[in-house]
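Taking it in order: structure first as structure tokens, then the write-up.
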Amino acid sequence: MKKSLLTLLVVLLGFTVVMAQNITVKGKVTGADDGKPIPGASILVKGTTTGTITDFDGNYSLKVPADGALVFSFLGMKTVEQPVNGQKEINVTLSTSTKDLGEVQVVGYGVQRKQDITGSIAGVKGADLIKQPALTATQAIQGKVAGVQVVNSGAPGSAPQVRIRGTGTILGGAKPLYVVDGVITDDIRNINNSDIVSVDVLKDASAAAIYGVRGANGVIIITRAGEKGKMKNFVRRLCWH
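Add 88 to the 1-based position in the sequence shown for this note's numbering, that's all there is to it.
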């Protein structure tokens with residue numbers, strides 16, 4: 089009888105210890121920039137697949153080991169790891185990831201973070217353009233942007249034909265719109281490839297909508313290297329006596 093009671097006591101004590109190891113942690117996840125709650129933030133128990141997400145108000149509730157750790161993450165934000173240490177309330181502030189901010193894409197009306205873009209846009213950095221010998225910028229992007237066809241006619245002095253959406257008319261007129269440093273141009277053969285910072289191709293209608301019907305065949309935006317500064321006037325006089 090005593091042996092049975094001792095066994096039962098050991099089992100109950102072990103069950104109590106196990107129950108005591110798991111606690112319910114509640115808290116709120118907010119953004120460091122504006123202090124607003126972040127809905128949909130992910131909270132995982134470190135080293136496991138157990139987790140939850142924050143509600144519309146940024147609140148969460150999760151059962152975790154008292155000596156465990158929580159990993160907070162959200163797209164575009166820095167991941168934060170927070171030890172529990174027996175705390176029943178853990179509020180976390182997530183800051184914007186500078187790495188994600190650096191990944192921007194040129195669009196028709198400025199620049200956007202890649203993760204915020206819903207249209208079909210592709211880009212090539214200037215450093216990648218000069219890795220292979222090419223006479224023009226259009227030749228340099230050949231094979232570097234999916235869905236863009238560059239065809240050389242072979243005639244001396246002729247510009248390569250670029251097709252973003254294929255041939256759209258009976259006569260084969262499907263030339264894209266070229267925009268260099270915000271200025272619409274017809275020919276980009278005179279641009280030095282070494283001066284190009286990036287080439288961005290706007291493929292679908294939503295991305296090129298700002299250009300209206302002129303962007304119906306796609307838009308190629310070229311950004312060249314340069315520095316902002318005031319315009320300077322240069323005057324030179326030559327006199328003969």
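Even glycine gets a Cβ: it sits at the ideal position worked out from N, Cα and C.
According to the DSSP assignment, Ala-157 belongs to no alpha helix (DSSP H) but to the beta strand (DSSP E) extending over 157-161. DSSP lists Asn-147 as the beta-bridge partner residues of Lys-116. Annotation for Leu-223: no alpha helix (DSSP H) segment contains it, and DSSP assigns it neither H nor E. Going by DSSP, Asp-288 is part of the beta strand (DSSP E) stretching over 284-290.
Taking 9 Å as the cut-off, the beta carbon of Ile-111 is found no closer than this to the beta carbon of Lys-166. Separation of the CB atoms of Gly-139 and Ile-126 is rounded to 15 Å, and the pair is thereby denied contact status at 8 Å.
Closest by C-alpha distance to Asn-179, out of Gly-146, Phe-162, Gly-164 and Gly-156, is Gly-146.
Residue pairing of Tyr-266 in beta bridges, as defined by DSSP: Thr-273 and Ile-308.
For Val-233, the secondary structure class from DSSP, reduced to helix, strand or coil, is coil.
Scanning its chain for C-beta atoms nearer than 6 Å, with the 5 sequence neighbours on each side dropped, one finds around Ala-228 the residues Leu-217, Ala-222 and Asn-281, in chain order.
Secondary structure note for Gly-300: it is in no alpha helix (DSSP H), with a DSSP letter that is neither H nor E. Following the DSSP letters along the chain, one finds Gly-214 inside the alpha helix (DSSP H) bounded by residues 214-217. With respect to the 9 Å criterion, Gly-174 and Asp-155 are classified as neighbours on the basis of their beta carbons. In the DSSP assignment, Glu-169 falls within the beta strand (DSSP E) that extends over 168-171. DSSP places Ile-131 inside the beta strand (DSSP E), whose first and last residues are 130-133. Around Phe-162, the same chain offers Val-117, Ile-126, Gly-128, Ala-129, Ser-130 and Leu-182 as residues with beta carbons nearer than 8 Å, after the five sequence neighbours per side are excluded. Residue environment for Lys-291: buried (at least 16 other C-beta atoms within 10 angstroms of its C-beta). Per DSSP, reduced to three states, the secondary structure at Gln-175 is coil, with no helix or strand assignment. Bridge pairing for Gly-139: Leu-132 [DSSP].
Annotated as distal: Ile-309 and Ala-225, with beta-carbon spacing of 9 Å or more. Comparing alpha carbon positions, the residue from Ala-120, Thr-137 and Ser-149 closest to Val-168 is Ala-120. Collapsing the DSSP output to three states places Asn-280 in coil.
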